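Going by our numbering, the sequence shown opens with residue 20, and the numbers climb by one from there.
Reviewing the structure listed below.
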Amino acid sequence: MGYEPLNVKSIFLDAIENHPPERWPAFLEEACGGDPQLRRRAEELLQAHSELGSLPGTASFVNSDTVQDEMIAERPGQTVGRYKLLAEIGEGGFGVVYMAEQQEPVRRYVALKIVKPGMVTREVVARFQAERQALALMDHPNIAHVYDAGATDSGRPYFVMELVCGTPLTGYCDQHQLTIRQRLELFVQVCHAVQHAHQKGVIHRDLKPSNVTVIECDGAPVPKIIDFGIAKAISGQLIHEKMFATTSGQIIGTPLYMSPEQAAMGAVDVDTRSDVYSLGVMLYELLVGSTPIDRERGRKADLDEVRRMIREEDPPRPSARITALGDAATTVCQQRQTEPPKLSRLLRRELDWIVMKALEKDRARRYPTANALAADIHRYLADEPVQARPPTLADRTAKWARRHRTVVGSAVVLLIAAMAAGALGTALVWREKQRAESALRAVEREAARSRAVIELVQEMLASASPYGPEGKDYTVRQLLDKFSATIGGRLEGQPEVEATIRALLGKTYAQLFAYQQADRHLKAAIELYRQTLENQHEERLAECLLDYAWNLQTPEAGQAAREALAIYRKLGDPRGAMRALWILHICLISREKRYAEADQVFEEARALASEHSEVAGTDYACLIHGQGISKRLRGQLEEAEALGREAVALHRRVSGQDHPELAFGLWFLGTTLAARGDTTGAESCFREALAIFQTRYGRDANERTVGGVRADLENLLAARGDRAALEQLRKWYDGKPTGATDELARLDQAVERNPRDPQTFLSRAAWFWDKSEFEKALADYAKGLAVCQRLAIEFPGDPQRVAAAARNYRDHAWHLKGLGKTRQSELAFRELLALWTKLAERFPNQPEYRYQLAYIYCGLGGPLSDMGRADEAEQCNRQAVAILEKLVADAPDNAMYRSFLAENCYHVANHLRRRGRPDEAQRFYREAVTHWEKVGPESRDPPGPAWLHLSRGRSYFELGRPAEALAQCQQGIALAPDNVFVLRTTAWWMVRFPGSDRPMIDAAIRWAEKAAELDPRLPSCWTTLGAAHYRAGNWKEAIEALQKAGQLRGDNPCDLLLLAMAQWQLGQKDEARKSYQRAIEQSPFEKPDAESAEELRRFHAEAENLLGIEPSGKAESPKTEGPTRNPENAKENPTR
């Protein structure tokens, strides 16, 4: 690079922008060309610069406040924490970036940024931590994620982030010769990422192409913002703002990309619109291959001149710049797959207007947000009118006057005044004045709102000091409650501020699962946005509506999501529309059971993602995941699996390998694979999901997600009989890892502070349950239920206050039943029954309360049946049927009501069948079938109908009608042909006792063989196959299958009794007696239910009769306390 002989400032500017300090001597040797005087002056400037404080990307020669002077640098091959350094990939003034390999708990490649040796000053550490904090705030597919942080053994801080191996934005576009449309589509994603940062309270301040790297995922380009090294908090002090202050006269950012207000020495009033200006510069360069201020001109000018150009000179329009490029225009156009005249025409008008609006010197005239800039580009791409407009006569006149203020004298002023005196001039000036005043008022309102919000939030956060009156244990919930109680009167007459604050409070409460408080604030914010502010802030209203809809306990959730979707469609915001479609889809499948409409929503999302590739991110992946759940609920398991795999693949691509949404996707895919009989694939999914949740939340965190995946994995292992794996999993959780005590202390404090909030007891009960401290969990459930009952009495006019908590306390009754505490379970259900009965009677127009009452009646039937009180259990299910029949009559299209009615008809029929009344049972079975058919396959909950047909088959068998029994079983299998449990249970019922005819036995062999083929590690499949072969007289095949079951789960009394009988029939009488003796010495792996105990008793009797042995009286195993984990114990339940 050549320099003019005495241009010391250009050498200085090149050094601080493009070279780290340790390379400055070599650079000066080359740049100064042996001129000692020039070199001395350059060194003086660099020395002075270092003493004042380095520009971003450089470091000081002098470190006066050195904390430590550790001069040993890390090298590739060494290990820092859990990370092995592989190669140095970047270096700045105070930090070095390495590519590293994370070795645990997951293996992956990452970028590790570490402070250089000898650079650990207070200022550098503050700046380093600021970048880390800024990145950690972000959760966006177009911003590099932070994974971890720490310090070396010598105390130098580092942080670990996503490894982004790509190409700078402009370089990527030029190398791949992207068209103008493709460049704009890519740029829009950058705008949305910047908007996300702004919403998190962070201004980037150094946006430029080298800080936006493009990678390719499945062939599609994905931009990533990778450097927040000089980010600034909107509130001003969140991220060590003192480190970046301009009080020493330094400027922050890269000159060619900085805004006019950022270029001012000592400027501190820099807001999000500064980033909008930088985006405008990047857009200018993407379109024409040059920055608004020519690079060569900027390089030759000194710093003051560059600052003046930024503040005062208006750049040429992009279309004009193309014309002025001369021969260079040919290369620029080739990189855009066009020609100079065509490119100039393409840029003229709309794109010129958009770029020049983003580059306005007066920030009040720029786009107010990055999203607004993106929205205008969307309008251009969709051939819709853009909001940007060409400059008016008054604009052009004012700019001309500013550029020529030294030669514009009083004559020009008089001339303008004379022109304004004319009729047309008067009209133009009045109109432009009105527009300017209106814009100014809007900016002043927004500035006042921002200041008020910041002051309130700062006041709230200031109260959280550990040295304040609340002490060091002050919690977020306490902070919110105290602040929430004071905002009503303080914000009177400030609707915009109040709406903003209430929306923020509502969202935060929801994240803490305090949905009642969240709903109160979100409803108030929505009302303010709709009425008081007359929909002036539609985007904020839409965001608030989606936050409200996210609480699925809210009956109006679906309508709120629909309203938000309509707003985003109107605004032309595809990213907002995608999020609204996702939340609406959740409402449709989880609450409203409107699967057909959910399919339409999914197709709209598909089309949106196809048209706007930048929205095919995490929200879209979650929507695909939700559609898979919808398909699974309708029995379309093959489609559900395909959607699940698609969602997981997309999550891996856009969210990373350790994102919670990937874990949710894996969890769903695992349950689908289990339903299809692929238990090996299901186990793999569960384990990976569990690992992600543990990495994110810690194994001791009170996360229901971790407990849910763990329970599914335990059930799968228990059903397979894999004792070793099950015990290993349980032992891992038995430890008391660091943090568990702190978590319990937090929950204890919440209960002490809010003893009248049932949710506090529920949270602590859930924590105890996850730690297998069942008695403590049950005690808290009981206390919470008592609080619900008191609230029902004290607040008779506020049913939602009671209902929200009472829904959750159903878990209390179910947990008691699972622990074998059937009497306590009955009492808990009866208390809930009284509570819901009062609510249903007091508010008869609330169908949800009657539905919950039916649910409790159905649940009460479980413990009653377990205690042998079959009459009472049947009556409970009949009560549920009566309630649900009325609900269905009022809402015949409600799939949830009708499917639950079918389930309760099924339960009544089972009670009648078990009590020897198969004729009456058939009537209720028929009613169940009728209701399930009216629900339609798209809303059924498989394998429910399959279990229904199986139970009808048993009823026909007991009526002495084997052909009809077999026909019903065949219909059930046809509905769930790949469900291992349906296949195994149907075959088992046919052959467990003598008496089945040959067609039934042959069918049982076929189905048991298929079950064993689908899941060869499930012992009960081999037990069933052995029983089927035994009933068919295939003694050798029976012995082989039963021995296989024994190999998988060890000695089991059922397996051994069947094996003894098969060996006896084959003439192996000594072996048969040994097998029988082992059988009576064993206990079942899990506590048997009443039917399983009866099966075991009859096997004993059959074996004793065959072997000629006196009755042993050891048919039943001793009862044990503990939660029932085997899902097959509920094999007759059609929906659970």
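Cβ atoms here follow ideal geometry from the backbone N, Cα and C, with glycine treated the same way.
A quick note: this is a predicted structure, and the numbers were derived from the prediction, not measured.
Report the residue from the options whose alpha carbon sits nearest the alpha carbon of residue i.
| i | options | result |
| --- | --- | --- |
| Leu883 | Ala914, Ser844, Glu860 | Ser844 |
| His195 | Val209, Val233, His164 | Val233 |
| Gly666 | Glu120, Arg625, Lys1093 | In the sequence as displayed, the identity of residue 666 is Ala instead of Gly. Of Glu120, Arg625, Lys1093, the residue nearest in Cα terms is Arg625. |
| Ala8 | Leu1078, Leu1037, Trp1041, Ser1015 | The structure shown does not extend to residue 8, since the chain is modelled only from 20 through 1155, so no value can be given for it. |
| Arg1017 | Glu1028, Pro228, Tyr1049 | Tyr1049 |
| Val115 | Leu854, Arg175, Asp167 | Arg175 |
| Pro124 | Gln676, Gly881, Lys790 | Gln676 |
| His834 | Leu852, Ala853, Phe787, Lys857 | Phe787 |
| Ile396 | Leu370, Ala529, Ala383 | Leu370 |
| Gln894 | Asp912, Leu931, Ala216, Glu515 | Leu931 |
| Leu1125 | Arg1097, Glu1114, Leu1085 | Leu1085 |
| Arg327 | Gln1082, Ala339, Glu93, Glu280 | Glu280 |
| Asp237 | Arg385, Leu669, Pro866, Arg292 | Leu669 |
| His604 | Val134, Met915, Ile643 | Ile643 |
| Val634 | Asp592, Ile608, Glu657, Lys650 | Asp592 |
| Gly636 | Gln122, Ala798, Asn161 | Asn161 |
Within a Cβ cutoff of 6 Å, which residues of the same chain sit near residue i, ignoring the five residues on either side of it in sequence?
| i | result |
| --- | --- |
| Gly577 | Cys606, Glu611 |
| Leu1033 | Gly696, Val999 |
| Lys755 | Confidence at Lys755 is low in this model, with a pLDDT of 40, below 50, so its placement is unreliable and the value that follows should be read with caution. Nothing listed; no residue qualifies. |
| Pro55 | none |
| Ala461 | With a pLDDT of 48 at Ala461, under the threshold of 50, the modelled position of that residue is not reliable, and the figure given next carries that caveat. Here the set comprises nothing. |
Roughly how far, in whole angstroms, is the beta-carbon of residue i from the beta-carbon of residue j, given that I think they are within contact range, below 8 Å?
| i | j | result |
| --- | --- | --- |
| Asn929 | Leu903 | Not quite, the Cβ-Cβ distance comes to about 17 Å (not below 8 Å), so this is no contact. |
| Trp1041 | Ala1031 | 6 Å |
| Asp566 | Gly525 | 6 Å |
| Ala568 | Ala580 | 4 Å |
| Tyr303 | Pro337 | 6 Å |
| Ala659 | Arg651 | 4 Å |
Who are the near neighbours of residue i in its chain, counting only those whose CB is closer than 7 Å to its CB and skipping five residues on each side?
| i | result |
| --- | --- |
| Arg200 | Leu400 |
| Gly100 | Gly169 |
| Pro240 | Tyr191, Leu205, Val233 |
Rounding to the nearest angstrom, what Cα-Cα distance links residue i and residue j in this structure?
| i | j | result |
| --- | --- | --- |
| Arg945 | Leu906 | 20 Å |
| Ser188 | Ala163 | Looking at the sequence provided, one finds Leu at residue 188 rather than Ser. Taking the straight line joining both Cα atoms gives about 15 Å. |
| Leu920 | His950 | 7 Å |
| Gly972 | Arg980 | 9 Å |
| Asp33 | Pro44 | 13 Å |
| Gly887 | Arg933 | 11 Å |
| Phe46 | Asp225 | 24 Å |
| Glu622 | Met597 | 12 Å |
| Ser278 | Tyr296 | 6 Å |
| Val129 | Leu104 | 10 Å |
| Ile30 | Leu378 | 28 Å |
| Pro334 | Leu131 | 39 Å |
| Ser974 | Tyr528 | 52 Å |
| Val927 | Ser918 | 14 Å |
| Pro39 | Asp167 | 26 Å |
| Lys836 | Ser782 | 20 Å |
Mind checking which residues open and close the beta strand (DSSP E) that includes residue i?
| i | result |
| --- | --- |
| Asp167 | 165-170 |
| Ile108 | 102-110 |
| Pro387 | No beta strand (DSSP E) contains Pro387, which DSSP labels as neither H nor E. |
| Pro863 | Counting along the chain, Pro863 falls outside any beta strand (DSSP E), and DSSP gives it neither H nor E. |
First and last residue of the alpha helix (DSSP H) that includes residue i?
| i | result |
| --- | --- |
| Ile341 | 337-343 |
| Tyr587 | 576-590 |
| Cys184 | It is not in any alpha helix (DSSP H) - Cys184 carries neither H nor E in the DSSP assignment. |
| Pro679 | 679-694 |
Can you find the residues in the same chain that come closer than 8 Å, C-beta to C-beta, to residue i, ignoring five residues on each side of it along the sequence?
| i | result |
| --- | --- |
| Ala17 | Residue 17 lies beyond the range of the chain shown here (20 to 1155); nothing can be said about it. |
| His217 | Ile253, Thr291, Asp294, Thr388, Ala389 |
| Ala347 | Gly308 |
| Cys210 | Leu298, Ala389, Asn390, Leu392, Ala393, Ile396 |
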